[in-house]
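Engineer: Got a structure here, written out as structure tokens. Questions coming.
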Amino acid sequence: MEPREIAAAARSFSAMARIVGPDPKAVKMRRHAFHLHQSGSTTLSASAVLLPPGALADPPPLLARICASHGHAGGVALTAASLVEAFLVAEQRDSPSEELQPRLVPEARLDVLVEAEESGNISRGDSGAPQWLSAELLAMVDVPASADSVSSLLTYDGSLIGSSSWDVGWPLADVNQKQVEYDAGSSLEYNRKNVYAESVDPSTIAKSATRIAILGVSALTSSNARHINVPPTPQRGDSLLVVGSPFGILSPFHFFNSISVGAVANCLPPGAVRSALLMADIHCLPGMEGAPVFDKNSCLVGMLMKPLRQRGSNIQVQLVITWEGICTAWSRNKLELIEQVSNELLDDKSADSKMVESCSMDNHRRFVSNSANDLNQYSIPPSLREAISSVVLVTVGDTTWASGILLNKNGLVLTNAHLLEPWRFGRTSPLGLQHKTTSLAGEYLHGENKLLQSQHCKMSNEDSFKHEVSFFNLGSKREKRISVRLDDGEKQTWCSASVVFISKGPLDVALLQMEKIAIEFCAIRPEFVCPTAGSSAYVVGHGLLGPRSGLCSSLSSGVVSKVVQIPSAQHSHLPSNVQTDNMDLPVMLQTTAAVHPGSSGGVIVNSHGRMVGLITSNAKHGGGSTIPRLNFSIPCKSLEMVFKYAANGDYTILEQLDKPNELLSSVWALAQAPSSLPFLSSPPGKSGEGKVSEFSKFLANQKEGLTSISDLEAFLKHKIPSKI
479 MEPREIAAAA RSFSAMARIV GPDPKAVKMR RHAFHLHQSG STTLSASAVL
529 LPPGALADPP PLLARICASH GHAGGVALTA ASLVEAFLVA EQRDSPSEEL
579 QPRLVPEARL DVLVEAEESG NISRGDSGAP QWLSAELLAM VDVPASADSV
629 SSLLTYDGSL IGSSSWDVGW PLADVNQKQV EYDAGSSLEY NRKNVYAESV
679 DPSTIAKSAT RIAILGVSAL TSSNARHINV PPTPQRGDSL LVVGSPFGIL
729 SPFHFFNSIS VGAVANCLPP GAVRSALLMA DIHCLPGMEG APVFDKNSCL
779 VGMLMKPLRQ RGSNIQVQLV ITWEGICTAW SRNKLELIEQ VSNELLDDKS
829 ADSKMVESCS MDNHRRFVSN SANDLNQYSI PPSLREAISS VVLVTVGDTT
879 WASGILLNKN GLVLTNAHLL EPWRFGRTSP LGLQHKTTSL AGEYLHGENK
929 LLQSQHCKMS NEDSFKHEVS FFNLGSKREK RISVRLDDGE KQTWCSASVV
979 FISKGPLDVA LLQMEKIAIE FCAIRPEFVC PTAGSSAYVV GHGLLGPRSG
1029 LCSSLSSGVV SKVVQIPSAQ HSHLPSNVQT DNMDLPVMLQ TTAAVHPGSS
1079 GGVIVNSHGR MVGLITSNAK HGGGSTIPRL NFSIPCKSLE MVFKYAANGD
1129 YTILEQLDKP NELLSSVWAL AQAPSSLPFL SSPPGKSGEG KVSEFSKFLA
1179 NQKEGLTSIS DLEAFLKHKI PSKI
């Protein structure tokens, strides 16, 4: 199905939930990205999964029981429990937890905004516009398996730095602490202190973030008779579509049921047959938590929650609570707990009734399984799966990791040189420049006094997440052990590796040789024809979360946004037998796919699963924040000699890569060019002696000059961008 077709079907199951309640001291909006506060009252909103009666062939037994216990016969809406927790009565609000009998403070009001088609048969008539329907809070229920997966992400690196560098919530800190006014009394609270400022146990954060509020919507009937299917377990690369309402209450007219598309980046728990949590490569905004997530066949995959975010940065990873995880959590075992806790609310049931509920859960499992036979295949194309299997995790010592690519069945691995010789790219250790992040190049933007820098996302260090430890001084001792991990489904295999080659030229490449193990390696298939701008691109690498997370490589998607080329006569890093006929040759790819620290040495593949580039670096603002979707890769055409070596083992082929090339170096260093060249010159008021990259300074120290000024002039007409 096309995204527009999926979206059309998905809108019937998408809503926006709103709560309004008394708040004379204006404190209810804490931990929320946005709100409305007027006349002593605060309004909050979130997205919601709308389930009219009969929408699910076999709803989770717990859901049916909760509705029955409240005498509720209408539809339900599922949303993030954080929406309502601030308006619970004091004894429930002070220590929020699972509540099967939640009580809101007096005068608090809940309602949901639904599409006109869902409210069309209500007695007050159908105007064709979305309508608000009154709702009641039935329960707040945990999803333990999903919470455990979130908790593992929050805690896996705590042993190194004393506390988790990860949190759950929207990155709300605006550099200028601005508030955006939409009308009298509305504001966006971009305030870092309002989001989990307190020190909270990671398991508590995880439970709270995955807790779901069940709202009863009595006016929602089953007359529309729409049904929603449930897919089998999602896999990396599967398409996703979210229908949510970012900043909804600020202007529902603008934001209600907005669409965002992406793909599954990873699945948790690692190696499990059934996933309780998904990491999603998809762009979402505050207010979209609680939104339904659909696959390419408009089947309900799960519910969006607040993202995993890195403290002290703007990096975030979208998370999805899978419907499978919800159904598992809300099974018959949960019903037994309700029997013990809520006897006065829930009627006792006979053993026969319990057997019916057990059969209902079994029917649900059969329905999920049979859906796979009735619908299109959900698994990613075999070619893309093969490419994912070609990406390995490379570790140097105990704390530094990056990615690598298997080049042949003998275990030859391609990665970045900066993983093994970081001082070549930063010179921090020799110069004593400690406590620096990986800022390798800088250019002033036209018309702005801001610095945009090229950052080699390269190796990731778990200590460096606090941006206090130099990346470079951790890799200067070559005697550190190099290990490689292969991921094959649920099985992860570690083996030692040795250095074969580290390029001394401008291309950031290195080769490692894995020791022989009894595993058949899946080598990457290269594509030497360069992709065109606008073509699909998939990034596979071990970004952000290191080896102790247990996660396999993650996938992100985007397009090739730019292909940087130079005249073939200026490219000295091609085999002598390559016929170029003076054509332009690609030397750098830029993509819109997300690239994070740890992804260096990973692969960019096309829609056919063929490698088109080696991930090398991404960009960062001069202020320090990275730009994940502005990144740089070496095209396969520039790596042709590496693949020739992988095929025949002739080491002399690699010597070509050690040759200096000032023009190619300037492309990768984003360095300033002589002021006599208008296109490459410094911006007004900045001399040619302005700030350049540390990498550019290093290359200048090698005293390798340009071949001639005519070479640069020829290069100029091809408009190679040195300023971005």
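FYI, the numbering for the sequence shown is 479 to 1202, going by my numbering. Idealized CB from N, CA, C, for every residue including glycine.
Count the C-beta pairs between the stretch 493-511 and the stretch 749-756 that are closer than 8 angstroms, then say yes if the count reaches three, no if not.
Structural biologist: No, the stretch 493-511 is not in contact with the stretch 749-756.
Engineer: Can you tell me which of the three DSSP states Cys545 falls into?
Structural biologist: Looking at Cys545 - three-state DSSP - the assignment turns out to be helix.
Engineer: Just list the residues that DSSP pairs Asn744 with in beta bridges.
Structural biologist: In the DSSP output, where bridge partners are listed per residue, Asn744 has Met757.
Engineer: Please list the terminal residues of the continuous alpha helix (DSSP H) segment that includes Trp648.
Structural biologist: Neither: Trp648 is in no alpha helix (DSSP H) and is coded neither H nor E.
Engineer: Would you please state the rounded distance, in angstroms, between the beta carbons of Gly1079 and Ile1093? I believe it to be under 8 angstroms.
Structural biologist: Right, their Cβ atoms sit about 7 angstroms apart.
Engineer: By how many angstroms is the C-alpha of Ser517 removed from the C-alpha of Ser717?
Structural biologist: Each residue's alpha carbon lies about 44 angstroms from the other.
Engineer: Count the CB pairs spanning the stretch 995-1008 and the stretch 880-895 that are closer than 8 angstroms, and state whether there are at least three.
Structural biologist: With the cut-off at 8 angstroms, the stretch 995-1008 and the stretch 880-895 touch.
Engineer: Are the stretch 691-710 and the stretch 737-745 touching by the rule of at least three beta carbon pairs closer than 8 angstroms?
Structural biologist: Touching, no.
Engineer: I need the boundaries of the alpha helix (DSSP H) containing Gln516, first residue and last residue.
Structural biologist: Counting along the chain, Gln516 falls outside any alpha helix (DSSP H), though it belongs to the beta strand (DSSP E) covering Phe512 to Gln516.
Engineer: CB Thr557 to CB Ala495, shorter than 8 angstroms?
Structural biologist: The answer is yes: Cβ separation under 8 angstroms.
Engineer: Tell me the DSSP secondary structure of Ser681 in three-state form.
Structural biologist: Of the three classes helix, strand and coil, the one that applies to Ser681 here is helix, per DSSP.
Engineer: Assuming Thr520 contacts Gly552 under a Cβ cut-off of 8 angstroms, what Cβ separation, rounded to an integer in Å, is found between them?
Structural biologist: That pair is no contact at about 27 angstroms.
Engineer: Take every Cβ of the stretch 484-492, pair it with every Cβ of the stretch 779-797, and state whether three or more of those distances are shorter than 8 angstroms.
Structural biologist: No, because fewer than three Cβ pairs between the stretch 484-492 and the stretch 779-797 fall closer than 8 angstroms, the two stretches do not touch.
Engineer: For Ile793, does the three-state DSSP call read helix, strand or coil?
Structural biologist: The answer is coil: DSSP assigns Ile793 none of H, G, I, E or B.
Engineer: How is Leu1022 classed by DSSP in three states: helix, strand or coil?
Structural biologist: Three-state DSSP puts Leu1022 in coil, outside helix and strand.
Engineer: Using 8 angstroms as the cut-off, can you tell me whether the stretch 979-999 makes contact with the stretch 1022-1038, which would need three or more C-beta pairs spanning the two stretches below that distance?
Structural biologist: Cβ pair count under 8 angstroms is below three, so no.
Engineer: When you compare the stretch 676-689 with the stretch 540-548, are there three or more beta-carbon pairs, one atom per stretch, that lie closer than 8 angstroms?
Structural biologist: The stretch 676-689 is not in contact with the stretch 540-548.
Engineer: Rounded to a whole number of angstroms, what is the C-alpha to C-alpha distance between Ser1144 and Arg571?
Structural biologist: Their Cα atoms are separated by approximately 58 angstroms.
Engineer: Using 8 angstroms as the cut-off, can you tell me whether the stretch 520-536 makes contact with the stretch 759-770, which would need three or more C-beta pairs spanning the two stretches below that distance?
Structural biologist: Segments in contact, yes.
Engineer: Identify every run of the alpha helix (DSSP H) within the stretch 873-905, keeping only runs that are complete inside it and at least 4 residues long; order them along the chain.
Structural biologist: Taking only runs of at least 4 residues, the alpha helix (DSSP H) segments lying wholly in the stretch 873-905 are 901-904.
Engineer: Helix, strand or coil, according to DSSP, for Asp716 in the structure here?
Structural biologist: Coil.
Engineer: To the nearest angstrom, how far is it from the Cα of Pro724 to the Cα of Lys503?
Structural biologist: Taking the straight line from one Cα to the other gives about 25 angstroms.
Engineer: Can you tell which of Ala975, Asp965 and Leu1117 has its C-alpha closest to the C-alpha of Val1018?
Structural biologist: Closest by alpha carbon: Asp965.
Engineer: Can you list, in chain order, the residues of its chain whose CB lies under 7 angstroms from that of Gly1091, leaving out five sequence neighbours each side?
Structural biologist: Result list for Gly1091: Leu1067, Ile1082, Ser1111, Ile1112, Pro1113 and Cys1114, in chain order.
Engineer: Could you check the C-alpha separation between Asp679 and Ala533 for me, to the nearest Å?
Structural biologist: Straight-line Cα distance between these residues: approximately 37 angstroms.
Engineer: Note the first and the last residue of the continuous beta strand (DSSP E) segment covering Ala975.
Structural biologist: Lys969 to Ile980 is the extent of the beta strand (DSSP E) around Ala975.
Engineer: Using 8 angstroms as the threshold, is the C-beta distance between Ile980 and Leu898 below it?
Structural biologist: Their beta carbons are under 8 angstroms apart, which means Ile980 touches Leu898 by this criterion.
Engineer: In the DSSP assignment, find the alpha helix (DSSP H) that holds Gln570 and state where it starts and stops.
Structural biologist: Residues Ala568 to Arg571.
Engineer: Could you check the C-alpha separation between Val1041 and Ala1011 for me, to the nearest Å?
Structural biologist: Approximately 6 angstroms, taken between the alpha carbons.
Engineer: Leaving out five residues before and five after Lys784 in sequence, what residues of the same chain have Cβ atoms less than 8 angstroms from its Cβ?
Structural biologist: Contacts found: Ala558, Ser560, Val646, Gly647, Trp648, Ala687, Glu767 and Leu797.
Engineer: Give the DSSP-derived three-state secondary structure of Ala485 in the structure shown.
Structural biologist: Reduced to three states, the DSSP call for Ala485 is helix.
Engineer: Do you know how far the Cα of His1020 is from the Cα of Pro530?
Structural biologist: Each residue's alpha carbon lies about 41 angstroms from the other.
Engineer: Give the C-beta separation of Ser881 and Val874 to the nearest angstrom, bearing in mind that I take them to be a contact with Cβ-Cβ under 8 angstroms.
Structural biologist: About 12 angstroms; that fails the 8 angstroms criterion.
Engineer: Does DSSP classify Asp965 as helix, strand or coil?
Structural biologist: Looking at Asp965 - three-state DSSP - the assignment turns out to be strand.
Engineer: Return the CA-CA distance between Met479 and Pro710, expressed in angstroms with no decimal places.
Structural biologist: For Met479 and Pro710, the distance between alpha carbons rounds to 17 angstroms.
Engineer: What is the DSSP secondary structure of Pro1113, counted as helix, strand or coil?
Structural biologist: The answer is strand: DSSP assigns Pro1113 an E or B state.
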